[in-house]
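Q: According to our numbering, the sequence shown is numbered sequentially starting from 1.
Ideal Cβ positions, reconstructed from N, Cα and C, are used throughout, including at glycine.
Owing to the predicted nature of the structure, the values given are computational and were not obtained by experimental measurement.
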Amino acid sequence: MKKLASFPCTISYCLTFTLGIYNEQITDLLEPSSTNLQLREDLKKGVYVENLIEYNVRNVDDVVKILLQVICLLSTQCNSFRLIWF
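1. If distances are taken between C-alpha atoms only, which option among 63, 53, 45 comes closest to residue 20?
2. Can you tell me whether residue 71 is buried or exposed, with buried defined as 16 or more other CB within 10 angstroms of its CB?
3. For residue 71, which of helix, strand or coil comes out of DSSP?
4. What whole-angstrom Cβ distance do residue 26 and residue 37 have, given they're in contact under 8 Å?
5. Would you call the CB atoms of residue 67 and residue 30 closer than 8 Å?
6. Leaving aside the five residues before and after residue 18 along the sequence, list all residues of the same chain whose C-beta is less than 6 Å from its C-beta, in chain order.
7. With a threshold of 7 Å on Cβ separation, who are the neighbours of residue 40 within its own chain once the five nearest residues in sequence on each side are excluded?
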C-alpha cells in the first residue's frame, strides 16, 4: 500500500447544504418553500441540485447550528426525509 504525501495546508471553511428526498421530490430542508428542486448535470460542476442554498461552515458549532435548525423544522413536518450532508 502506497503512503499518500501530506501537504501543509489548512481548510478555512467548508460548504454544506441540507436536502430532503421524499416521493422523488427534492426539498431544501432549511427553506421548506423550495420544493421540487431539479437535479442538474454540468461539465464543470458535475451533478448538483439547482437553487439549493449552500452554507459556509467554519467549525463544528456551525454544523451543529444548521443540524439543530433542520431537526426543529423536521419535527413539525413529515419525518420521512433522509438527511444528506456534503
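A: With the given structure in hand:
1. As a first step, residue 20 is located in the sequence shown; it is residue number 20 there, counting from the start. Nearest of 63, 53, 45 to residue 20, Cα basis: 53.
2. Locating residue 71 in the sequence shown gives position 71, counting from the first residue. Exposed, since its Cβ has fewer than 16 Cβ neighbours within 10 Å.
3. One-based indexing of the sequence shown puts residue 71 at position 71. Reduced to three states, the DSSP call for residue 71 is helix.
4. In the sequence shown, the residue the question calls residue 26 occupies position 26. In the sequence shown, the residue the question calls residue 37 occupies position 37. Correct: roughly 4 Å between the Cβ atoms.
5. Working through the sequence shown from its first residue, we reach residue 67 at position 67. Working through the sequence shown from its first residue, we reach residue 30 at position 30. Their beta carbons are not under 8 Å apart, which means residue 67 does not touch residue 30 by this criterion.
6. Your numbering for residue 18 matches position 18 in the sequence shown. Result list for residue 18: 29, 30, 70, in chain order.
7. If you number the sequence shown from 1, residue 40 lands on position 40. Once the five neighbours on either side are set aside, the close Cβ partners of residue 40 are 48, 50.
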